[in-house]
Amino acid sequence: MFERLREDIQTVFAKDPAARSMAEVICCYPGLHALWSHRLAHFLWQRKLRLLARLLSHISRFLTGIEIHPGARVGRRFFIDHGAGVVIGETAEIGDDVLLYQGVVLGGTTSQKKKRHPTIGNNVVIGAGAIALGAITIDDGARIGSGSVVVKSVPPGTTVVGIPGKIVKDHRRPFMELEHGKLPDPVAEAIRLVLKEQDKLEERLRKLESSSGIVAHQDELREKRKKFERDLSEGGRR
Numbered sequence: 002m003f004e005r006l007r008e009d010i011q012t013v014f015a016k017d018p019a020a021r022s023m024a025e026v027i028c029c030y031p032g033l034h035a036l037w038s039h040r041l042a043h044f045l046w047q048r049k050l051r052l053l054a055r056l057l058s059h060i061s062r063f064l065t066g067i068e069i070h071p072g073a074r075v076g077r078r079f080f081i082d083h084g085a086g087v088v089i090g091e092t093a094e095i096g097d098d099v100l101l102y103q104g105v106v107l108g109g110t111t112s113q114k115k116k117r118h119p120t121i122g123n124n125v126v127i128g129a130g131a132i133a134l135g136a137i138t139i140d141d142g143a144r145i146g147s148g149s150v151v152v153k154s155v156p157p158g159t160t161v162v163g164i165p166g167k168i169v170k171d172h173r174r175p176f177m178e179l180e181h182g183k184l185p186d187p188v189a190e191a192i193r194l195v196l197k198e199q200d201k202l203e204e205r206l207r208k209l210e211s212s213s214g215i216v217a218h219q220d221e222l223r224e225k226r227k228k229f230e231r232d233l234s235e236g237g238r239r
């Protein structure tokens, strides 16, 4: 028991550079408090003390802002960074070395009493505000970008972003870092492709107008487009 508690504290130091002392970690990390509370609630849940388990989980939610159903299964070296707004459903299963940021939801999509929440593999990172719904599997080493909504299973070692979540990178090896500011933007990429295709069409049109002796007027939208492209490029570099 004490070995597991020590491991939980070491996990905080390993995954949060803001952690400075053991006293700070023990007293000031709601993600750690929620995990310890869940361990006890899950112990009670497995022994059919369901009301007592739910009551303990409810108190933990009030104190930490993190809701973990006592029926959920959580692996080792699990860490919730910041934690506010995290919700983990009853049939969710979480592997080892998983990192969740604030606002993550592992939710269900059916009212039937069966497996209805996600299964998270080992070495998975889920960014702030991301939502995973249904009895899907987010496999080992996957990373889910901030604000994404995942409704389909994610292969191992892939990065998923967007609504609904799309695979944008396949690195096939586990990562624990999730550089939120450097994730690809599939919407921006789609816009760039449309603009590129438009450039080709405009060039063809200019050639036709020139060969036909038609005088083309200055495009009023040209300057607005240039400003939009600058904003798009600056947003991609942030």
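Each position in the sequence shown, counted from 1, maps to that position plus 1 in my numbering.
Note that beta-carbon positions come from the ideal geometry of N, C-alpha and C, so glycine has one too.
Item	Value
Buried versus exposed call for Ser61 [16 or more other C-beta atoms within 10 Å across all chains shown]	buried
Cβ neighbours of Thr120 in the same chain (closer than 6 angstroms, five flanking residues each side left out)	Glu94 and Thr138
Spatially closest choice to Gly32 from Ala131, Glu210 and Leu101, by CA coordinates	Leu101
Local Cβ density within 10 Å of Ile67, reported as buried at 16 or more and exposed below that	buried
Three-state class that DSSP yields for Arg205 in the structure shown	helix
6 angstroms Cβ shell around Ala85 - same chain, five flanking residues per side excluded	Gly66 and Gln103
Residue closest to Thr144, alpha-carbon to alpha-carbon, out of Ala35, Ala15, Val155 and Leu134	Looking at the sequence provided, one finds Arg at residue 144 rather than Thr. For Arg144, the nearest C-alpha among the options comes from Val155.
For Gly146 and Ala131, believed in contact at Cβ under 8 angstroms, the rounded distance	7 angstroms
Three-way DSSP call (helix, strand, coil) for Glu198 in this model	helix
C-beta contact flag for Val150 and Ile168 at 7 angstroms	no
Inter-residue Cα distance where the pair is His59 and Ser22	29 angstroms
Exposed unless 16 or more other CB atoms sit within 10 angstroms - verdict on Arg78	buried
Proximity to Phe80 [Cα-Cα], best of Pro157, Lys16, Leu209 and His39	Lys16
Residue environment, Ser38, which counts as buried when at least 16 other CB atoms sit within 10 Å	buried
Inter-residue spacing [alpha-carbon to alpha-carbon] between Cys29 and Thr160	31 angstroms
Residues of its chain near Val13, where Cβ-Cβ distance is below 7 angstroms and the 5 sequence neighbours each way are ignored	Ala20, Val26, Tyr30, Leu33 and Phe80
Length of the line joining the Cα atoms of Ser112 and Gly142	30 angstroms
Best match in Leu202, Glu8, Leu56 and Asp97 for proximity to Asn123 [C-alpha to C-alpha]	Asp97
Nearest residue (CA-CA) to Pro71, options Glu8, Gln11, Leu50 and Glu204	Leu50
Cβ neighbours of Gly76 in the same chain (closer than 8 angstroms, five flanking residues each side left out)	Ile95, Gly96, Asp97, Asp98, Val99 and Asn123
Segments assigned alpha helix (DSSP H), at least 4 residues, entirely inside the region 38-98	51-65
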